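To start, the structure itself, in structure tokens.
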Amino acid sequence: MDTVMEIDSQNSSGAPELITFLEINSSNVDKTYSDGEPNESESVTGIVNTTCESDCIKNVFEYPSLFPNRTLLELCSSSWSRSPKTKQNVQPYLRGCKWSPDGTCCLSVVNNDGVHVTELPRDLYSGSVTADRTIDVLDSIIHVKEAGLVYDFCWYPGMNSNIPETCCWITTRQNAPIQMWDAFDGSLRCSYRGFNSVDEMEPALSITFSQEGTRIIAGYKKVLRTFDVERPGRDFSEHKITSSASCFATNSNLLAVGSWNTTISLYNISEMGTYKSIGKMHGHSGGVTHAKFTPDGLRLVSGARKDHRLLVWDIRYYRRPLNILSRVVNTNQRVYFDISPCGRYLVSGGTDGILKVWDVEQVDWKSSLDVTDVDTDNVTFKYHHHRDCCNSVSIHPYRPIVATGSGQYHFTDPFTLLDENEPNILNRQMNPEELNSECEQEILQDLRYSQNTENSLVFWWTGSVPDIT
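This note's numbering numbers the first residue of the sequence shown as 2 and each following residue consecutively.
Okay, here's the thing in structure tokens:
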């Protein structure tokens with residue numbers, strides 16, 4: 002087996018101690034269990050139904066206000082660096098981060114370093130913070146050394162630290178099946194294998210759970226495969242599509258499938274797990290890398306590679322975007338964005354390292370769609386807190402905390418990109434005012450990025466800070 006589990010030394014004697022965030026913030030919610038065990042029978046994968054308890058928690062919880070001081074306060078951070086013994090082209094940079102549904106920990110994927118689970122510090126589970134708070138150093142409580150490139154990852158939607166059976170995530174990586182991992186000890190629970198027409202195992206390009214958590218939807222090259230969570234192995238149903246599925250977004254029985262051919266397809270999923278095509282959205286100039294529904298389910302936001310636009314769609318009329326929001330994406334890297342649980346804020350990073358925040362209540366949805374110019378950008382807040390590409394953003398489900406990740410691949414010798422017809426650039430000083438060709442501009446940009454390498458995971462406080470006015 003080419004996957005190694007590494008547990009933090011402080012927790013080597015047993016499962017890592019994940020504090021129950023929901024228990025602190027919803028102590029008045031009655032438990033429906035007797036003798037500390039769930040009423041439902043345990044399944045093959047250990048997952049049980051927690052829908053009733055989750056609904057009760059939502060009914061008693063009110064989401065806090067975000068960005069009242071228009072500032073971000075750094076709470077804690079961690080970073081990755083290349084070992085001196087590793088090859089020059091092996092660069093450990095963050096490729097994505099996602100908060101767990103119960104808010105206890107953050108799951109992050111690091112290039113060439115597998116998957117990390119980072120716990121939220123105890124003092125941040127309740128109350129507020131002050132401006133003089135000490136910045137904590139984050140340590141991974143679980144480290145799964147995935148061999149190969151991780152294509153996609155996803156938490157189980159009913160994850161609750163009160164019920165260890167629900168604490169898991171799934172990943173899909175290069176030359177491997179979909180794998181489900183235990184969030185308490187980093188062990189492999191089970192695998193879901195997709196096979197093509199010649200009985201060859203294929204890796205999924207994108208994965209997600211259905212809204213109720215009973216199915217795993219996986220995107221492959223020109224086919225969608227649906228797995229029953231209760232039945233690991235090679236049992237699945239198929240639905241043919243016209244191109245590779247690059248990303249997913251789900252809302253109730255609605256599924257949005259992004260593809261590398263710049264389109265987004267909408268499907269209605271029946272109770273039997275069959276797909277009915279609704280329509281397609283056209284508008285991106287690059288392959289779609291991320292999409293997400295707003296909490297009310299009426300709008301879909303999508304982003305693409307080498308595309309400076311975030312397209313906002315009204316799913317009731319999807320023939321053209323409702324609006325366009327501007328960010329900087331100059332590479333093929335997947336740059337995530339997130340929408341707050343209250344539905345008011347949209348937050349996105351960019352390859353320029355700037356974190357942008359839009360207050361949807363202040364966006365003029367009837368304005369011109371051409372808002373990609375910096376001077377006419379309708380962004381609400383901008384934060385210049387990363388020196389490198391800010392590729393991932395995740396908003397905490399219950400607390401005013403935002404997790405951001407930074408990093409990208411850097412060419413060690415950008416001069417190798419030179420055209421043979423322009424060798425003289427090596428012998429003169431690179432002054433931006435004297436650069437004429439597009440090739441020279443790209444070289445200078447690569448040099449600037451190489452000097453500002455940053456591979457970090459940072460937690461930011463977005464709530465009220467008494468010391469700051």
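Note that beta-carbon positions come from the ideal geometry of N, C-alpha and C, so glycine has one too. Since the structure is predicted, the reported quantities are computational estimates derived from the model, not experimental observations.
When DSSP states are grouped into helix, strand and coil, D114 belongs to the coil group.
Taking 8 Å as the upper bound for CB-CB distance, R174 and P204 are in contact here, some 7 Å apart. Under DSSP, R320 shares a beta bridge with no residue. The C-alpha of G406 is placed about 20 Å away from the C-alpha of T135. DSSP places D183 within a strand segment (E or B) once states are collapsed to three. Rounded to whole angstroms, the gap between the alpha carbons of H285 and T263 is 5 Å.
Note that the C-beta distance between A292 and C98 is not below 7 Å. For E272, the secondary structure class from DSSP, reduced to helix, strand or coil, is coil. At the C-beta level, N379 and V358 stay beyond 7 Å of one another. If you keep only unbroken beta strand (DSSP E) runs of at least 3 residues inside the stretch 327-402, you get 338-340, 346-349, 356-360, 382-384 and 391-396. A Cβ-Cβ distance of about 18 Å is found for the pair W100 and V145, leaving them out of contact under the 8 Å criterion.
Listed in chain order, the non-local C-beta contacts of F249 below 8 Å within the same chain comprise S207, I208, T209, I218, G220, L256, A257, V258, G259 and A292, local neighbours out to five positions each way being set aside. DSSP places L206 outside both helix and strand once states are collapsed to three, so it counts as coil. Remark: C-beta atoms of E239 and V224 approach each other more closely than 7 Å. For the pair D114 and N161, the CB atoms are not nearer than the 7 Å cut-off. The beta carbon of S244 sits closer than 6 Å to those of S260 and N262, all from its chain and outside the five residues before and after it, given in chain order. For C155, the enclosing beta strand (DSSP E) stretches over residues V151 to W156.
Straight across, the Cα-Cα distance linking S127 with R235 is about 44 Å. Judged by beta-carbon spacing, R388 lies beyond the 7 Å limit of G351, meaning their Cβ atoms are not closer than that value. No residue range can be given for E166, since it is assigned to no beta strand (DSSP E) and is classified by DSSP as neither H nor E. If you keep only unbroken beta strand (DSSP E) runs of at least 3 residues inside the stretch 225-276, you get 238-241, 246-252, 255-260 and 264-270. Distance from the CA atom of H385 to the CA atom of N456, rounded to whole angstroms, is 15 Å. In the three-state DSSP reduction, R123 falls in the helix class (H, G or I). Beta-bridge annotation (DSSP): D315 is paired with R300 and Y318. Across the structure, I396 and T290 are spaced so that their CA atoms are roughly 19 Å apart. C-alpha of K277 to C-alpha of N269: approximately 5 Å in a straight line.
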